[in-house]
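Quick note on the working numbering: the sequence shown kicks off at 4 and runs consecutively.
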Amino acid sequence: MFFIILLMLSAFSIAGSAAYFSVYGLANTFHGTFWSVVIMGGSLEAGKLVAASYLYRFWTKTQFVLKTYLMIGTLALMILTSTGIFGYLSTGYQTDALPLKQIEQQVKLLDEEKARLIIRKQQIDTQIANLPSDFSKGRLKLMKGFQTEQEQTTSRINQLDKDLLELKTKVIQTEAHIGPITYIAKAFDLDTDDATKYLVYLIIFVFDPMAVALTLAVNIALRERKKEKEDQSLIIDTPPITVQEKTVYSPPPPVDTVELEVEEPLSYKSDWYEIPADRIRWSIPTIETPDPVIEETTTPQPEQPYVEPPQRRRRPYAGVDTNVPMEELLNQHQYYKTKEEQGDILTQDERWSYQAIKQALHTRGYNIYI
4 MFFIILLMLS AFSIAGSAAY FSVYGLANTF HGTFWSVVIM GGSLEAGKLV AASYLYRFWT
64 KTQFVLKTYL MIGTLALMIL TSTGIFGYLS TGYQTDALPL KQIEQQVKLL DEEKARLIIR
124 KQQIDTQIAN LPSDFSKGRL KLMKGFQTEQ EQTTSRINQL DKDLLELKTK VIQTEAHIGP
184 ITYIAKAFDL DTDDATKYLV YLIIFVFDPM AVALTLAVNI ALRERKKEKE DQSLIIDTPP
244 ITVQEKTVYS PPPPVDTVEL EVEEPLSYKS DWYEIPADRI RWSIPTIETP DPVIEETTTP
304 QPEQPYVEPP QRRRRPYAGV DTNVPMEELL NQHQYYKTKE EQGDILTQDE RWSYQAIKQA
364 LHTRGYNIYI
């Protein structure tokens, strides 16, 4: 049960995260109707998981048209969720990469301006150098004419070098903020945008399908647990046994009798009759106690209608017969075992047959194959 709870928590966490990223991404895409998109996307995400669970539980009982629609709708919602996640992650990357792109654009413009100034300076030097050596006055006049432009060009180049150094420092700091994706791009010799795009594709192809797969896994685990409980609850009830009590009848004990024999007549004195003690003979007969008579008696029971006790249905299976070859038993056992490991659901008759084969193998001492 602990594993099932862990599986449920994992499925709900991944599904909830995917729903949040998808709904947030779609809401930012349609920013004018933010809350409407949030409500719509949340309900669709919940319906997607319920539809996937329904298809698994009632696949064989659902009509073809409804089954086809639910399957296509679930796939479409998975694609929609992946699209929302792509929008969410792309927005986050653009937010972090925008300052870097701006700085890189400034660096590019300054490099182009510096290249133009360097070319212009080289042109001035080339014009001065092309004058004849004996034309000194013209050379001096030309140098004097280009002197101001040369000074401005040199000063501007020096200023551009300082600006480029500052911008390149900012580039390094910004790359440190989004460093991992930059390093991945350099490792695969890709542009940063392309590397980010491929990484986002990898995430969306795993995220929502994993949530749906774990939802189906939770349904499978719950169904298997229910089957185990049903198998354990199959108990053969026996009718109550009526016990007849036997009572022993004992007759009442006989009463002792005493006989008095008087040899002489009684003498009457005053108002009393006196009997001499030596004239009285006491005779107590020996009493034979008869053996107790044991009679069987039954306690009357109220008549109740006879109810046939429930019996567990057993499918007559040849695997319990000792005459079945061992090779056939092992082949049938391997067939059911492979079918169960592949996740196929065994019918009630197949489960009974599988248990009978296990019992037969256990009886014959082939526990190693069970």
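Heads up, the beta-carbon is just placed ideally off N, CA and C, and yes, glycines get one too.
Span separating the alpha-carbon of residue i from that of residue j
i    : j    : result
L92  : L349 : 44 Å
S25  : K200 : 17 Å
P328 : K361 : 14 Å
A1   : P183 : Outside the displayed span of the chain (4 to 373) sits residue 1, for which this structure offers no information.
L101 : D197 : 15 Å
I106 : I175 : 10 Å
T341 : W62  : 22 Å
D240 : M213 : Residue confidence for D240 is low, a pLDDT of 48 falling below 50, so the modelled location carries little weight and cannot support an answer.
G95  : A14  : 25 Å
K51  : Y72  : 12 Å
L332 : Y369 : 11 Å
R159 : H34  : 46 Å
L75  : A21  : It is worth fixing the name first, because residue 75 is Ile in this sequence and not Leu. Computed Cα separation, rounded: 19 Å.
N161 : L120 : 11 Å
T157 : L163 : 10 Å
K147 : A118 : 24 Å
L193 : L78  : 32 Å
F6   : E353 : 27 Å
K229 : N334 : 28 Å
W355 : L9   : 31 Å
E330 : L58  : 39 Å
M4   : N31  : 40 Å
L143 : Q126 : 17 Å
A132 : F149 : 13 Å
Candidates the options, of which the one nearest residue i by Cα
i    : options                : result
L205 : T86, L73, Y369, K64    : T86
V53  : D197, L103, N222, A100 : N222
Q153 : I122, P183, L103, E178 : I122
T172 : W355, T63, L29, Q109   : Q109
Q155 : T129, A179, K124, Q130 : K124
A224 : T84, R60, F89, F33     : R60
A18  : T218, T36, M74         : T218
D128 : R119, Y72, L145        : L145
M11  : A220, M74, S356        : A220
S16  : A30, V40, F210         : F210
E344 : E227, I187, Q351       : E227
T84  : K189, F208, F5         : F208
K104 : E353, E178, N161       : E178
H99  : T195, E353, E330, R354 : The residue asked about is misnamed: residue 99 is Asp in this sequence, not His. For D99, the nearest C-alpha among the options comes from T195.
A359 : Y339, D347, Q130       : Y339
V203 : Q97, Q130, Q126, F149  : Q97
Buried versus exposed call for residue i [16 or more other C-beta atoms within 10 Å across all chains shown]
i    : result
T366 : exposed
H336 : buried
A363 : buried
V215 : buried
S39  : exposed
T151 : exposed
I82  : exposed
V246 : Confidence in V246 is poor, its pLDDT being 48 and thus under 50, which makes the residue's placement unreliable; the coordinate value appears in the next sentence. Its Cβ having fewer than 16 others within 10 Å, V246 is exposed.
I88  : buried
G2   : Residue 2 is absent from the structure shown; the chain starts at 4 and stops at 373.
Y357 : buried
T36  : exposed
A190 : exposed
L80  : buried
E48  : buried
L29  : buried
Heavy atom of the ligand NAD within 7 Å of residue i beta-carbon
i    : result
K144 : The model on display carries no ligand, and the ligand NAD is accordingly not part of it.
Contact with chain D by residue i, beta-carbon distance below 8 Å
i   : result
F33 : Here chain D cannot be found, since the structure has a single protein chain.
Can you confirm whether the region 12-32 touches the region 41-52 when touching is taken to mean that 3 or more C-beta pairs between the two stretches lie within less than 8 Å? yes
Between the region 157-169 and the region 101-120, are three or more C-beta pairs nearer than 8 Å? Verdict: yes, contact present.
Is the region 222-236 touching the region 61-76, taking contact as three or more C-beta pairs under 8 Å? no
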